[in-house]
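The block underneath contains the structure these notes are about, expressed in structure tokens.
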Amino acid sequence: QMEDEIASIATIIGASIAGAKALTATSGPGFSLMQENLGFAAMTEVPLVVVNVTRGGPSTGTPTKASQGDFMQARWGCHGDHPVIVLAPSSVQEVYDLTITAFNMAEKYMVPVVLLYDEVVGHLREGVKLASSQAVIDREMPTVSPSEYLPYATGDGLIPKLAPFGSGYRYHMSGLSHDETGFPTSNPATIEKLLIRLNDKIEKNRKDIIKYKAYDLDDAQVIFLAYGSPVRSALQVQKEARARGEKVGLIQLKTLWPFPHELLADVFAATKADFIIPELSLGQLADEVSKSVPQAKITRVNRNDGALITPAQLEQALKGVL
């Protein structure tokens with residue numbers, strides 16, 4: 090427990106530099122305060138996990154009510170072209186499973202990972218199986234001697250091998266644009282190479298990073314698309330619609346960023362389905378979906394008043410589409 094959110098994320102950056110797996114959690118304005126150091130972690134390639142239990146905003150907003158208004162902030166909250174991975178659970182089991190996934194991705198790609206809950210998921214009480222089939226991944230260690238070590242040299246790959254601080258390897262770390270030694274540089278070619286590599290290590294591994302769950306898409310005429318707590322209402326309505334013989338599917342996004350543009354484009358090309366998008370905001374997810382499938386008919390079901398999206402609301406939206 091630190092004195093504020095800035096100190097909290099700075100502390101886990103230091104812990105990670107020393108070789109520990111480190112996590113901090115916050116909500117609302119606290120996540121805003123963490124943005125500068127999230128950018129520092131992205132630039133210096135320090136793996137860490139931040140939990141943001143999203144609440145109503147802006148400003149102090151509604152601290153005890155649900156929201157998904159941080160969808161865009163989770164991706165673009167800090168300045169500059171920076172890499173980030175954002176995962177979103179919809180149940181207590183997924184909170185457990187995706188926390189393991191978040192640490193694995195952070196260590197594998199040397200990047201900050203955000204776990205984006207909403208208030209409903211944050212306060213759920215459900216059974217959970219603590220056994221996991223996921224192997225725990227640790228960051229790769231240097232294979233060269235300390236005298237040969239360049240902390241940000243990647244060879245033919247995209248991921249540096251940062252030795253834990255105090256392990257005998259000397260290196261420099263800076264939020265400034267830097268070369269393979271870690272020292273600042275103003276060389277345009279070196280800066281461009283660095284920024285492209287930082288983003289390529291995510292973009293070129295989208296198939297590994299993007300996680301989702303699909304329900305009955307093959308013949309779907311209408312598809313619910315959701316993440317977080319709205320998935321729970323959408324799944325109930327989708328199952329009931331199928332029981333009535335209606336061709337309704339569901340896509341649950343577990344990875345929000347990088348956004349699965351290819352997935353949605355492929356699904357729409359195969360089905361020509363209409364989309365219903367429930368979200369606890371004024372439409373941040375729907376806006377991003379419209380970039381993936383600009384030809385699709387999208388029905389938005391939005392709430393930003395702190396209340397939940399109910400199955401009854403989604404039933405009404407479905408009736409308006411079928």
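In terms of our numbering, the sequence shown opens at residue 90 and continues consecutively. Note that CB positions come from ideal geometry on N, CA and C, so glycine has one too.
Give every residue of the same chain whose Cβ lies closer than 7 Å to the Cβ of Gln124, excluding the five residues on either side of it in the sequence, and list them in chain order.
-> These residues qualify, in order along the chain: Gly166, Cys167.
Proximal residues to Asp186 (C-beta, below 8 Å), its chain only, five neighbours per side dropped = Excluding sequence positions up to five before and after Asp186, its CB lies within less than 8 Å of the CB of Pro178, Ser221, Gln223, all in the same chain and listed in chain order.
Within 8 Å, strictly: CB atoms of Asp42 and Thr344 | A question about residue 42 goes unanswered here, because the residues of the chain that appear run from 90 up to 411.
Could you say which of Val233, Tyr198, Met262, Tyr316 lies nearest to Glu292 if we only look at CA atoms?
-> Tyr198
Would you kindly check if the distance between the Cβ of Glu208 and the Cβ of Thr153 is under 8 Å?
-> yes
Status (buried if at least 16 other CB within 10 Å, exposed otherwise) for Gly317 | buried
With a Cβ-Cβ cutoff of 8 Å, do Ala309 and Gly338 count as a contact?
-> Cβ distance < 8 Å, so Ala309 and Gly338 count as in contact.
Please report the residue range of the alpha helix (DSSP H) in which Phe129 lies.
-> 124-133
In its own chain, which residues sit with a C-beta less than 7 Å from the C-beta of Ile226, not counting the 5 before and 5 after it?
-> Within the same chain, and ignoring the five residues on either side of Ile226 in sequence, the residues whose Cβ sits closer than 7 Å to its Cβ are Asn193, Glu196, Lys197.
Pick from Gly271, Asp93, Tyr206, Thr100 that is closest to Glu134, judged by C-alpha positions = In terms of Cα proximity to Glu134, the closest of Gly271, Asp93, Tyr206, Thr100 is Gly271.
Taking the C-alpha atoms as reference points, what is the distance between Gln384 and Met262?
-> Going by the C-alpha atoms only, they are around 46 Å apart.
With burial defined as no fewer than 16 other Cβ atoms inside 10 Å of the residue's Cβ, what is the status of Glu92: buried or exposed?
-> Classification for Glu92: exposed.
Return helix, strand or coil for Asn391, following the three-state DSSP convention.
-> Strand, per DSSP.
When you compare each of Met230, Val390, Asn126 to Ala323 by their alpha carbons, which one comes out closest?
-> Val390
Report buried or exposed for Ser218, applying the criterion of at least 16 other Cβ atoms within 10 angstroms of its Cβ.
-> As written in the sequence, residue 218 is Lys, which differs from the Ser given in the question. Exposure of Lys218 is indicated by the presence of fewer than 16 other C-beta atoms within 10 angstroms of its C-beta.
Quick one: residues in its chain with C-beta nearer than 6 Å to the C-beta of Leu265, no 5 flanking neighbours on either side, listed in chain order?
-> Pro273
Go to Ile174, then tell me how far its beta strand (DSSP E) extends in each direction, as first and last residue.
-> 174-176
What are the complete beta strand (DSSP E) segments, minimum 3 residues, inside the stretch 140-196?
-> 151-155, 174-176
Can you tell me the Cβ-Cβ gap for Asn141 and Val203, rounded? I've got them flagged as a contact below 8 Å.
-> 6 Å
Curious, which full-length beta strand (DSSP E) runs of at least 3 residues does the stretch 314-379 contain?
-> 337-342, 344-346, 363-368
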